[in-house]
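Here the structure comes first, spelled out in structure tokens, and everything after it is commentary.
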Amino acid sequence: MLNIKNLKASLEDEDKQILKGIDLNIGAGEVHAIMGPNGSGKSTLSYVLSGKGGYVVDDGSATLDDVDLLDMEPEDRAAAGLFLAFQYPVEIPGVGNMTFLRTALNSQRKARGEEELNAAEFLKLVRAEAKSLKIDADMLKRPVNVGFSGGEKKRNEILQMAMLAPKMCILDETDSGLDVDAMKLVSEGVNSMRDGKRSFLVITHYQRLLDHIQPDVVHIMADGKIIKSGGPELALEVENNGYADLLNEVA
Amino acid sequence: MATAAKNMDATEALIAAYVAPATEGKWARDARLRALTTLRENGVPVRRDEYWKFTNPARLLEPVKPATILETSEASMFDDIDKLLVVFEDGVLLTDLSDDLTLEGVEIETLASAMSKDIHWVGDIYGALEANGQNPVSRPMAALNTAVATEGLVIRVTGQVTKPIALRYMRSGADTDVMVHTVIKLEEGADLTLLESGPAAARLNSSLEVEVADSAAFHHVRAQGRDHERLAATHMFARLGKESRFKSFTLTVNGALTRNEAVIEFTGDNAFATVSGASAGDGAYHHDDTVFITHDAMNCESRQVFKKVLRNGATGVFQGKILVPAHAQKTDGYQIAQGLLLDDDCTFLAKPELEIYADDVICSHGSTCGAVDETALFYLTSRGVPKSEAQDMLVLAFMDESIQEIEDEVLANAIRNRLGGWMERHRG
Ligand SMILES: Nc1ncnc2c1ncn2[C@@H]1O[C@H](COP(=O)(O)OP(=O)(O)O)[C@@H](O)[C@H]1O
Ligand SMILES: [Mg+2]
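So the sequences go chain by chain: R and H. Note that the numbering used here has the first sequence beginning at 56, numbered continuously upward. Note that the numbering used here has the second sequence beginning at 172, numbered continuously upward.
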């Protein structure tokens with residue numbers, strides 16, 4: 056599914072390398088978690104994979120089902136099945152949430168040569184998904200993320216993910232700013248999408264999300280590199296001892 | 172006057188280029204003479220003038236050059252809206268393409284026919300609102316219009332009108348030079364929506380004088396001509412009575428040079444006015460909104476909302492003034508002008524002015540200029556929306572604040588559609 060080899064990336068405007076050789080292989084149906092201290096490059100990895108501007112790839116490769124991601128425009132990566140739930144979802148005044156979702160979904164379908172959904176089909180789908188995430192009609196009508204609380208924004212990300220049904224989902228600190236109930240809703244949303252084929256990369260700072268979304272593999276990232284990988288017990292180790300021991304171990 | 176001496180030749184040349192009609196009623200003659208005197212005193216606009224620093228008036232004064240004519244099939248607007256349609260070609264009313272000029276609650280007549288009669292109320296407005304608007308800032312192109320215009324309408328509204336009056340300006344050729352002047356009086360409690368659209372002319376000088384009596388409401392939605400290289404100098408003068416409402420919106424896409432002036436005066440308390448515009452230009456495009464709002468009454472609210480999207484070296488100008496004399500307490504004045512620059516070589520110039528002598532007022536103004544928000548663009552594209560479409564969505568969202576000033580959602584959507592079409596045709 057997602058294969059990352061020796062990926063190195065720098066900031067375009069500064070001579071500063073953030074990703075310093077990432078190797079990561081996520082097979083179909085697997086859930087991987089990345090944990091790591093603030094500033095270790097977790098968000099940068101998600102941005103470089105999804106094609107945000109401002110970064111230069113210095114070396115390495117990233118493929119999704121053997122298709123080279125790094126050469127594609129963000130919209131083509133999306134159509135190829137990649138999805139990023141943002142750490143900080145963007146507010147877009149003047150663009151309706153529904154219009155946005157429908158345009159996104161139909162653009163992807165069009166790019167893949169699939170039939171576009173008409174208004175009624177789309178409405179049916181979005182209502183069903185919104186209901187299970189407790190997103191009300193008013194939120195759907197409002198401009199994208201404008202006036203949404205932190206938790207509402209994160210639920211809106213999961214709604215988009217559910218609607219777009221990508222094959223590779225990256226969740227960047229989706230748990231931050233969520234209360235216990237919202238965390239449950241979001242986790243249920245994610246778990247209901249686990250079908251044995253779809254893969255997930257869950258970036259988180261805390262172990263608690265991994266109680267709800269159980270990972271197959273946990274990676275620890277520090278200073279632009281994956282310094283250790285292991286099973287779910289690695290997350291517990293971080294929870295109990297912090298990152299300091301792990302960092303020392305490697306140093 | 173010094174300026175008059177400097178521009179005398181140009182002023183006389185301009186006056187000579189247009190022939191004022193000889194036979195007409197006394198009020199018309201008086202208004203024309205007064206306007207000619209004003210024009211001679213102030214002279215034609217020059218770059219040095221305070222309100223022409225950002226816009227070069229030269230092409231408004233030269234012999235007209237042909238404009239590039241676009242498909243006529245694309246030009247018509249407000250087609251699906253139930254309306255009283257009045258069609259002009261080169262400023263002259265075409266009876267066979269127009270509806271009967273009869274509508275309940277309205278008296279409509281051509282300016283030409285009104286000019287020959289002694290219609291008291293027209294004499295009180297024609298050239299009078301314009302004359303009032305010449306101070307403290309002179310508006311020579313409007314004085315010229317009053318002095319020589321023969322085409323246009325006079326409209327008196329006495330009640331609630333059931334459908335809009337839609338003026339559609341066609342043009343016969345690429346080198347037409349047209350002057351129109353319309354006078355509207357809304358009697359107490361009356362209500363009218365006026366629509367304007369169509370290519371009009373290679374060069375258009377239009378003047379609209381509107382008297383809105385107490386508790387009356389005037390709605391105005393205008394889509395200016397889309398021909399490339401066309402020139403337009405338009406003026407709108409409004410006098411607003413107690414508790415009246417005035418809403419004017421203008422969409423401008425294309426055109427080499429557009430100068431839209433709005434001069435609004437509150438004369439009665441508790442009234443409301445908004446002047447707004449959405450402007451979109453690509454390449455040789457210069458668009459100028461110049462607004463002057465005088466709060467000569469208490470507790471009135473005025474809004475100026477202008478949005479401009481510019482690409483390939485296009486220029487947008489906004490000059491907006493709010494004048495609040497000492498007695499105009501409780502004034503609420505809002506003014507925003509924003510430019511969205513799709514290329515580095517575009518220019519957006521804004522000159523907001525507040526002149527406030529009253530102490531109990533709320534006045535705010537803002538002016539910003541920037542590029543498309545890259546973060547928002549990435550968010551949209553990361554969901555699969557192609558970049559060009561994502562950019563259009565963001566531009567339309569940016570422009571929408573001005574379009575939302577239109578009260579009627581059907582009219583607002585007609586404007587959105589036209590702007591959306593323009594965006595699609597002008598992708599980078
Ligand atoms: N656009 C940017 N401009 C400047 N510094 C950046 C930018 N993006 C990331 N960084 C820097 O790169 C490092 C990694 O950041 P980030 O990927 O956000 O880490 P994490 O998500 O693991 O907290 C940090 O030192 C951060 O300051
Ligand atoms: Mg981060």
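Idealized CB from N, CA, C, for every residue including glycine.
* Ser-98 of chain R: beta carbon under 7 Å from a heavy atom of ligand 2? -> yes
* Cβ-heavy atom distance between Asp-227 of chain R and ligand 2 below 7 Å? -> yes
* **Extent of the continuous beta strand (DSSP E) run through Gln-349 of chain H** => As written in the sequence, residue 349 of chain H is Val, which differs from the Gln given in the question. 348-357 is the span of the beta strand (DSSP E), which, as asked, contains Val-349 of chain H.
* With 9 Å as the limit, tell me which residues of the segment 96-109 of chain R have their beta carbon closer than that to any beta carbon of chain B; keep them in chain order. => Protein chains in the displayed structure are R and H, and chain B is not among them.
* **As assigned by DSSP and simplified to three states, the class of Asp-503 of chain H** => strand
* Asked: Are any of the Cβ atoms in chain H nearer than 8 Å to that of Phe-155 of chain R?
  -> yes
* Would you kindly report the start and end of the unbroken alpha helix (DSSP H) that includes Asp-266 of chain R? => 263-267
* Minimum length 4: unbroken alpha helix (DSSP H) runs contained in the segment 175-228 of chain H -> 197-213
* **Any non-hydrogen atom of ligand 1 within 7 Å of Ile-73 of chain R CB** => yes
* Asked: Quick one: does Arg-554 of chain H have its CB under 8 Å from some CB of chain R?
  -> yes
* To do: Return the chain-ordered list of same chain residues with a C-beta closer than 7 Å to the C-beta of Ala-345 of chain H, the five sequence neighbours on each side being excluded.
  => Pro-237, Ala-238, Ile-240, Ala-373
* **Thr-209 of chain H to Thr-518 of chain H span [Cα, whole Å]** => 33 Å
* **Cα-Cα separation, Trp-292 of chain H to Ala-529 of chain H** => 33 Å
* Would you grab the beta carbon distance between Phe-249 of chain H and Ala-337 of chain H for me? Rounded to a whole angstrom, and I think it's under 8 Å. => 5 Å
* Whose CA, out of H:Gly-487, H:Leu-511, H:His-466, H:Leu-512, lies closest to the CA of Pro-496 of chain H? -> H:His-466
* Unbroken stretches of the beta strand (DSSP E), 3 residues or longer, contained in the segment 457-506 of chain H -> 457-466, 472-482, 486-495
* To do: Ignoring anything shorter than 4 residues or poking outside the segment 534-575 of chain H, list the alpha helix (DSSP H) runs there in chain order.
  => 545-553, 558-574
* CB contact check: Asp-460 of chain H to chain R, cutoff 8 Å -> no
* Between the C-alpha atoms of Ser-535 of chain H and Lys-418 of chain H, what's the straight-line distance to the nearest angstrom? -> 19 Å
* Ile-258 of chain R and Leu-226 of chain R closer than 8 Å at C-beta -> yes
* Which listed residue (R:Lys-60, R:Gly-91, R:Leu-79) has its alpha carbon closest to that of Gly-297 of chain R -> R:Gly-91
* Asked: Going by the CB atoms, is the gap between Met-218 of chain R and Val-181 of chain R shorter than 8 Å?
  -> yes
* Bounding residues of the alpha helix (DSSP H) (the contiguous stretch that carries Thr-445 of chain H) -> First-last for Thr-445 of chain H: 443-453, but that is the beta strand (DSSP E), not the alpha helix (DSSP H).
* Asked: What residue from H:Arg-200, H:Leu-548, H:Ile-326 has the CA that sits closest to Gly-298 of chain H's CA?
  -> H:Arg-200
* **Stretch pair the segment 235-249 of chain R + the segment 271-279 of chain R: three plus CB contacts closer than 8 Å** => no
* Is the CB of Arg-598 of chain H under 8 Å away from at least one CB in chain R? -> no
* Using a beta-carbon distance below 8 Å, is Thr-539 of chain H in contact with chain R? -> no
* Taking DSSP as the reference, what is the three-state secondary structure of Val-241 of chain R? -> helix
* Where Met-172 of chain H sits in the DSSP three-state scheme -> Only weak support exists for where Met-172 of chain H lies, its pLDDT of 44 falling under 50; the coordinates are left without a value.
* To do: Confirm the yes/no value for this check: CB of Gln-142 of chain R, any heavy atom of ligand 2, distance under 7 Å.
  => yes
* Cross-chain neighbours of Leu-219 of chain R in chain H, by beta carbon under 8 Å -> Arg-554, Gly-555
* Asked: So which of R:Val-145, R:Leu-57, R:Asp-300 has the shortest CA-CA distance to Gly-205 of chain R?
  -> R:Val-145
* heavy atom of ligand 1 below 7 Å from Ser-95 of chain R C-beta -> yes
* Heavy atom of ligand 1 within 7 Å of Gly-109 of chain R beta-carbon -> yes
* Cα-Cα separation between Met-238 of chain R and Met-570 of chain H, rounded to whole angstroms -> 37 Å
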